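Asker:
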Amino acid sequence: MISYYASNNGQLGPVEQPGPDTWIHLSPPFTSEELPEIAERYELPIDFLTDPLDIDERSRYEREDDARLIVINTPILSQVETENDSIYITVPIGIILTPEALITITSTPDHPVLQLFIDNKLRNIDPARRSQFVLRIFEHTVYRFLTCLKRLNVKRNLIEQELYDSSRNRELKQLLSIEKSLVYFINALNGNELLKMKMKRADFLGIRHDEDQWDLFEDIIIDNGQALEMANIYTNILNGTMDAYGSIISNNLNITIQRLTLITIVLTVPMVIASFYGMNVPMPLQNGNYTFLLILLLSIMLSMAVIFYFRRKRLF
16 MISYYASNNG QLGPVEQPGP DTWIHLSPPF TSEELPEIAE RYELPIDFLT
66 DPLDIDERSR YEREDDARLI VINTPILSQV ETENDSIYIT VPIGIILTPE
116 ALITITSTPD HPVLQLFIDN KLRNIDPARR SQFVLRIFEH TVYRFLTCLK
166 RLNVKRNLIE QELYDSSRNR ELKQLLSIEK SLVYFINALN GNELLKMKMK
216 RADFLGIRHD EDQWDLFEDI IIDNGQALEM ANIYTNILNG TMDAYGSIIS
266 NNLNITIQRL TLITIVLTVP MVIASFYGMN VPMPLQNGNY TFLLILLLSI
316 MLSMAVIFYF RRKRLF
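The opening residue of the sequence shown carries number 16 in the numbering used here; numbering runs sequentially from there.
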């Protein structure tokens, strides 16, 4: 699907036909003619349009004649709703700059970062100022990472509160999903940071002489580094939490087995006494009127003595 957007009185809105200051957005579903048509119209290599559709495409930039391609990875919610899969995954956004157009392409419909631009939730967005438009995509990609990281950390805290009295696998599966998401984030943030550093060094956007945009680019790189550091910290905390989870399950199991063993020992004492009087041989007091009560009282006293001993040893 091809959509066209342009700025009108400071507001970004859809237009019918593309112009020199139009943002062209390509998103699924695609027809068989759309991508070749765009590539031919703007004299682009077809790879510029197909590479960003690969979910495993790394962050990079490329130049072909007057066309420039930027691929940056962004986080989205995973569409697979199972406990074993990650909560978030990363997918690339392709940004193509040509003398005639600014084009974005993604394999995800309603992409959360680009949807902010489409829904006109951001101020001062003008596709005519292409370098600034690209920087705003970078900026809100980093904000998206930070927001997702905070949500993952809140979810981890909630799961951690359930760990101490739990011996189920459900919490472990949830932690594994968070861990997978963090792995995706760390790989994507590393790639994005390397991409931005190379773009800054090569002045790929041509903004070196624009102090405001240059400062914004530096701030975006700093925020990306902060997001990467947060992802690493949360990963280390999660690893410690999962180790603690395993220890807690093992400790709970040991306590349960210990209690069952002690109860078995306490119940064994009256069983031993009863077994003596169950033998088919003469026994003391076997003909007495109160023999059963005496045996019962003796069993209780010996059981209480065993319990008292275990309490002294802090086993009960």
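Every residue, glycine too, gets a C-beta built ideally from N, C-alpha and C.
Computed from a prediction, not measured in an experiment: that's the story for all the values here.
Using CA coordinates, which residue listed in L312, N247, M212 and L282 is at the minimum distance from D234?
Answerer: With distances taken between Cα atoms, D234 lies closest to M212.
Asker: Let me make sure I understand the geometry here. Which of E55, T89 and A82 has the alpha-carbon closest to that of D71?
Answerer: Comparing Cα positions, the closest option is T89.
Asker: From G64 to E48, what does the alpha carbon distance come to, in whole angstroms?
Answerer: For the sequence presented, residue 64 should be read as Leu rather than Gly. Straight-line Cα distance between these residues: approximately 13 Å.
Asker: So, with DSSP's three-state summary, where would you put P90?
Answerer: Of the three classes helix, strand and coil, the one that applies to P90 here is strand, per DSSP.
Asker: Given a cut-off of 8 Å on the beta-carbon distance, is the pair G206 and S74 in contact?
Answerer: Result yes, Cβ atoms of G206 and S74 sit closer than 8 Å.
Asker: Keeping to the same chain, check which residues put their C-beta closer than 8 Å to that of S314; ignore five residues upstream and five downstream.
Answerer: Here the set comprises V284, P285, I288 and A289.
Asker: Who are the near neighbours of M257 in its chain, counting only those whose CB is closer than 6 Å to its CB and skipping five residues on each side?
Answerer: L190, listed in sequence order.
Asker: Please confirm whether Y199 and Y103 have their CB atoms less than 8 Å apart.
Answerer: Contact: yes.
Asker: For F148, collect the residues of the same chain with a Cβ closer than 8 Å to its Cβ; drop the 5 residues on either side in sequence, then sort them by chain order.
Answerer: Cβ neighbours of F148 beyond the five flanking positions: W38, L117, I140, D141 and P142.
Asker: Give me the Cα-Cα distance between F325 and T271, rounded to the nearest whole angstrom.
Answerer: Whole-angstrom Cα-Cα distance: 16 Å.
Asker: Quick test of your reading: Y249 and L197, contact by CB under 8 Å. State the CB separation rounded to the nearest angstrom.
Answerer: Contact holds; Cβ gap of about 6 Å.
Asker: Check L363 in the structure and name its three-state DSSP category.
Answerer: With the chain covering only 16 through 331, there is no way to say anything about residue 363.
Asker: Does E31 come out as helix, strand or coil in the three-state DSSP assignment?
Answerer: E31 falls in the coil class under three-state DSSP.
Asker: Could you check where the alpha helix (DSSP H) with L390 kicks off and where it finishes?
Answerer: This structure gives no information on residue 390, because the portion of the chain shown stretches from 16 to 331.
Asker: Quick check: what's the CA-CA separation for G261 versus S101?
Answerer: About 20 Å.
Asker: Ignore the nearest five residues each way along the sequence and tell me which others in T156's own chain have a CB closer than 7 Å to its CB.
Answerer: Only I87, T89 and V128 meet the Cβ criterion.
Asker: Does I111 come out as helix, strand or coil in the three-state DSSP assignment?
Answerer: In this structure, I111 counts as strand in the three-state DSSP scheme.
Asker: Among F232, I252 and H126, which has the Cα closest to the Cα of N168?
Answerer: Of F232, I252 and H126, the residue nearest in Cα terms is I252.
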